[in-house]
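So the structure is just underneath, and the comments pick up after that.
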Amino acid sequence: MRLILSILFTLVISSCSVHKSETVQLFDVYNKLSQETKYGDILAHRNEYFTSTYLKEVNPNDKDSIFLLRLTNYVDEKLSHYQSIADDSACLSINGTDENKEPLSLHIEYKKTNGKWLINYIFVHFLENSSYFSKSVICPREAEKNIMKLMHNKTLHTDPKSYAPFVALRYNATKAT
């Protein structure tokens with residue numbers, strides 16, 4: 700009888716561990732794309748990383764629009780990251796520095812399409828200093844809205860050049876910038 704109970708107990712315990720859900724690490728997805736854009740042919744693999752909505756604005760024959768596929772490379776040194784996943788949409792925020800060691804935050808929106816996480820929206824925010832790093836995940840549309848509110852309230856520097864980098868590097872997949 701003890702043998703039968705032991706076997707049943709073992710089966711119950713092992714069946715519980717089989718159904719363990721796996722959490723997607725968007726930072727790993729981001730790093731794979733960063734390597735591809737740095738060392739590979741991103742044009743040939745663009746459908747593996749970006750939604751069709753995002754790609755509508757990218758003309759493969761126009762060098763100026765191809766930069767939209769390389770926005771993830773603005774982060775030279777990655778210092779921290781945060782993610783949030785809800786059903787088929789997710790956001791990733793990455794704090795780091797650019798190639799000049801200037802602080803920035805990269806905010807990415809992902810959409811799950813055919814079982815893969817694809818980039819749908821990117822917002823690059825160049826920061827005055829590292830004290831402005833994101834302390835949690837902020838979706839790119841929210842980050843952009845926060846910046847525009849600060850600009851409207853004039854709590855950012857009044858130098859128009861300080862606005863240019865993040866206005867120029869905002870990319871909305873649903874409307875042209």
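Residues 700 to 876 (our numbering) make up the sequence shown, in order.
Yeah, the Cβ is synthetic: ideal placement off N, Cα and C, and Gly gets one too.
Tell me the residue span of the beta strand (DSSP E) that contains residue i.
{"i": "LEU778", "result": "776 to 785"}
{"i": "TYR809", "result": "802 to 812"}
{"i": "TYR820", "result": "815 to 825"}
{"i": "SER751", "result": "Here SER751 belongs to no beta strand (DSSP E); instead the alpha helix (DSSP H) covers 751 to 754."}
State buried or exposed for residue i, treating a residue as buried only when at least 16 other CB atoms are found within 10 Å of its CB.
{"i": "SER804", "result": "buried"}
{"i": "GLY814", "result": "exposed"}
{"i": "PRO759", "result": "exposed"}
{"i": "PHE947", "result": "Summary: the structure shown does not reach residue 947, with the chain confined to residues 700 through 876, and so no result is reported for it."}
{"i": "VAL723", "result": "exposed"}
{"i": "TYR809", "result": "buried"}
{"i": "TYR753", "result": "buried"}
Which residues in the same chain as residue i place their Cβ atom closer than 6 Å to its Cβ, once the five residues preceding and following it in sequence are excluded?
{"i": "VAL836", "result": "TYR781, GLN782, SER783, CYS790, SER792"}
{"i": "PHE749", "result": "LEU817, ILE818"}
{"i": "LEU732", "result": "TYR748, THR771"}
{"i": "GLU798", "result": "ASP775"}
Would you report the Cα separation of residue i and residue j, rounded to the nearest angstrom?
{"i": "LYS811", "j": "LYS844", "result": "24 Å"}
{"i": "LEU742", "j": "ASP763", "result": "13 Å"}
{"i": "TYR729", "j": "ASP775", "result": "13 Å"}
{"i": "TYR831", "j": "ARG745", "result": "31 Å"}
{"i": "GLN734", "j": "SER779", "result": "18 Å"}
{"i": "VAL757", "j": "SER751", "result": "10 Å"}
{"i": "CYS838", "j": "ILE807", "result": "7 Å"}
{"i": "LYS834", "j": "ASP761", "result": "36 Å"}
{"i": "GLU841", "j": "LYS848", "result": "10 Å"}
{"i": "ASP787", "j": "ASP727", "result": "17 Å"}
{"i": "SER720", "j": "TYR820", "result": "Legend: pLDDT at SER720 = 40, less than 50; position of this residue unreliable, value from coordinates given subsequently. The alpha-carbon atoms of SER720 and TYR820 are separated by roughly 27 Å."}
{"i": "ASP740", "j": "LYS800", "result": "26 Å"}
{"i": "TYR738", "j": "LEU725", "result": "20 Å"}
Below 8 Å on the Cβ atoms is my guess for residue i versus residue j; work out the distance and round it to an integer in Å.
{"i": "THR736", "j": "ASN772", "result": "5 Å"}
{"i": "LEU826", "j": "PRO802", "result": "4 Å"}
Got a sec, what are the start and stop residues for the alpha helix (DSSP H) residue i sits in?
{"i": "LEU742", "result": "741 to 744"}
{"i": "LEU732", "result": "725 to 738"}
{"i": "SER792", "result": "Not the alpha helix (DSSP H): SER792 falls in the beta strand (DSSP E), residues 788 to 796."}
{"i": "VAL762", "result": "The amino acid at residue 762 is misidentified as Val; the sequence shows Lys. LYS762 -> alpha helix (DSSP H) spans 762 to 765."}
Taking CB distances under 9 Å as the criterion, tell me whether residue i reaches chain B.
{"i": "SER829", "result": "Absent from the structure is chain B; it holds one protein chain and no more."}
Can you find the residues in the same chain that come closer than 7 Å, C-beta to C-beta, to residue i, ignoring five residues on each side of it along the sequence?
{"i": "LEU829", "result": "Note on residue identity: the sequence assigns Ser, not Leu, to residue 829. For SER829, where only same-chain residues beyond five positions count, the Cβ hits under 7 Å are PRO802."}
{"i": "LYS777", "result": "ILE793, GLY795"}
Within the same chain, show all residues whose beta-carbon is closer than 8 Å to that of residue i, passing over the 5 residues directly before and after it, in chain order.
{"i": "ALA785", "result": "none"}
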